[in-house]
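Per numbering that gives the first Met the number 0, the sequence shown starts with residue 0, numbered consecutively.
The structure under discussion appears below in the form of structure tokens.
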Amino acid sequence: MQRITILGATGSIGESTLDVVRRHPDRYTVHALTAHRQVRKLAEQCIAFRPARAVVGSAEAAGELQALLRDAGVDTEVSHGEAELESVAADAQTDAVMAAIVGAAGLRPTLAAARAGKRVLLANKEALVMSGRIFMDAVREHGATLLPIDSEHNAIFQCLPADDPRYGGGVARVLLTASGGPFRTRDPDTLHDISPDEACAHPNWVMGRKISVDSATMMNKGLEVIEAHWLFGAPAERIEVLIHPQSIVHSMVAYHDGSVLAQLGNPDMRTPIAYGLAYPERIDAGVTPLDLTLAGGLHFEKPDLQRFPCLGLAFDALRAGGVAPTVLNAANEVAVEAFLGGKVRFTDIAQLVAQVLQAAPAGAADTLDAILDADRMARAAARAAVAGLALRH
Ligand code: NAD
Ligand code: MG
């Protein structure tokens with residue numbers, strides 16, 4: 000029996016994880032569930048899965064959750080705050096941790112799981128982008144098992160040699176596929192007045208709002224390039240992005256002998272989640288089997304960096320190294336939040352990130368303090384830039 004903690008249980012990845020867990024009561028029990036604000040949804044999950052512990056974002060939310068669980072006769076222990084997130088991630092009573100909090104908020108608890116030597120199912124790419132070296136060192140030093148859940152990285156993991164899932168061993172290139180999002184073919188002159196709902200209407204995937212906007216700007220692919228660099232040790236020039244609008248080929252690995260291995264499937268996050276949960280076994284994930292005769296052709300094209308400047312910015316940050324990826328991520332989080340809140344335009348996101356990256360001091364990313372400082376400074380700079388733009392619009 001594997002005991003699971005799900006950080007970010009009420010999100011899109013969290014819900015898909017519980018859907019897979021529900022199919023295998025003989026293999027998995029839920030040790031802890033966490034959510035930030037969605038108390039009612041978390042209460043329903045606790046009633047269904049009876050975790051030992053639940054963590055929410057505030058004392059008020061904890062009080063509400065306690066009351067709901069008391070009425071339902073569920074004796075889950077409820078607590079709140081960041082230290083409690085780290086505590087459930089490192090708990091001796093849990094074997095595996097699904098890291099599915101969105102954004103920088105996921106960094107500390109995900110790192111805590113790695114330091115406790117857990118099986119870490121990594122969905123939260125922002126944590127790795129911010130702190131790649133520290134995180135990968137923690138995994139190694141504490142004997143954690145790191146399984147990528149991001150569909151592209153999960154695909155690459157499956158296509159790399161099983162005995163050494165790192166770049167090397169005859170690998171020539173890593174090919175990351177990208178759908179191109181909802182604006183792949185839209186007239187670039189109309190991109191400035193896109194609404195948040197339009198940006199979140201992804202053609203192939205249903206996801207949280209932050210990652211949906213990232214997919215529309217292709218910053219998501221940029222973050223994934225940096226994620227691939229850390230997960231697999233691949234240098235920037237060996238990571239290639241390919242637009243593939245059907246989202247059937249989830250990514251590929253090209254070898255020196257000319258072989259290219261790909262992982263295919265319908266776009267459903269339950270596939271990589273089930274892979275991470277059961278690795279190295281395979282279990283039913285509830286996913287519709289792929290019928291390639293219905294796919295209507297698989298297409299591939301080069302990404303257009305004029306249309307998607309965020310992708311180029313991410314490559315720049317990866318090449319610059321140090322805290323540049325941390326700054327990129329922080330500025331992007333602030334810019335996306337401002338866009339979702341109606342404060343800035345869609346096209347301002349790339350502008351803001353570029354501006355903050357350019358002005359930020361370079362620095363090494365070798366301590367958590369240095370990373371958190373760079374994150375704080377970049378957020379402050381991005382907020383000031385948002386305020387300036389909001390005045391002009
Ligand atoms: P989501 O917005 O649907 O859910 C986010 C979860 O994080 C929620 O449970 C929320 O309660 C929690 N949360 C938010 N802010 C928090 C905070 N400050 N402190 C603690 N908890 C907080 O997001 P999602 O789409 O499920 O994505 C989660 C992560 O997985 C992201 O990092 C995303 O990039 C990554 N990811 C998602 C998908 C997908 O298909 N949704 C695919 C690949 C990677
Ligand atoms: Mg992805």
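Glycine is no exception: its CB is placed at the ideal position from the N, C-alpha and C atoms.
Nothing here was measured: the structure is a model prediction, and the numbers come from that model.
- Taken in chain order, the unbroken stretches of alpha helix (DSSP H) that lie wholly in the segment 70–157 and span 4 residues or more are 81–89, 106–114 and 124–140.
- Relative to the Cα of residue 99, the nearest Cα in the group 57, 148 and 59 belongs to 148.
- In its chain, beyond the 5 residues on either side, 166, 173 and 227 have a beta carbon closer than 7 Å to the beta carbon of residue 233.
- Sorting 319, 283, 246 and 212 by C-alpha distance to the C-alpha of residue 101 places 212 at the top.
- For residue 238, the enclosing beta strand (DSSP E) covers residues 238–242.
- Here DSSP, grouped into helix, strand and coil, assigns residue 165 to coil.
- Checking the 7 Å criterion, the Cβ of residue 16 is out of range of every heavy atom belonging to the ligand NAD.
- With a contact defined as Cβ atoms closer than 8 Å, residue 3 and residue 20 qualify at about 6 Å.
- Cβ neighbours of residue 304 within its own chain (closer than 8 Å, five residues either side excluded): 310 and 311.
- Nearest neighbour of residue 195 by Cα position, chosen from 130, 55, 13 and 334, turns out to be 334.
- Short note on residue 149: C-beta closer than 7 Å to some heavy atom of the ligand MG.
- Straight through space, the alpha carbons of residue 156 and residue 384 are spaced by roughly 38 Å.
- Following the DSSP letters along the chain, one finds residue 30 in no alpha helix (DSSP H) but inside the beta strand (DSSP E) bounded by residues 27–33.
- For residue 251, the pairing in a beta bridge is given by DSSP as 174 and 261.
- If you check the C-beta of residue 280 against the ligand MG, you find no heavy atom less than 7 Å away.
- Between residue 216 and the set 268, 296 and 201, the nearest pair of CA atoms involves 201.
- Just measuring C-alpha positions, the residue of 357, 239 and 332 sitting nearest residue 348 is 332.
- Rounded to the nearest angstrom, the gap between the Cα atoms of residue 323 and residue 362 is 8 Å.
- The beta carbons of residue 96 and residue 159 sit no closer together than 8 Å.
- Separation of residue 357 and residue 292 (C-alpha to C-alpha, rounded to the nearest whole angstrom) is 48 Å.
- In this structure, the ligand MG has no non-hydrogen atom nearer than 7 Å to the beta-carbon of residue 63.
- Exclusion of the five residues before and after residue 209 leaves 101 and 335 as the residues of its chain whose Cβ lies within less than 6 Å of its Cβ.
- According to the DSSP secondary-structure assignment, residue 5 is paired through a beta bridge with 32 and 97.
- Between the ligand MG and the CB of residue 223, the shortest heavy atom gap is smaller than 7 Å.
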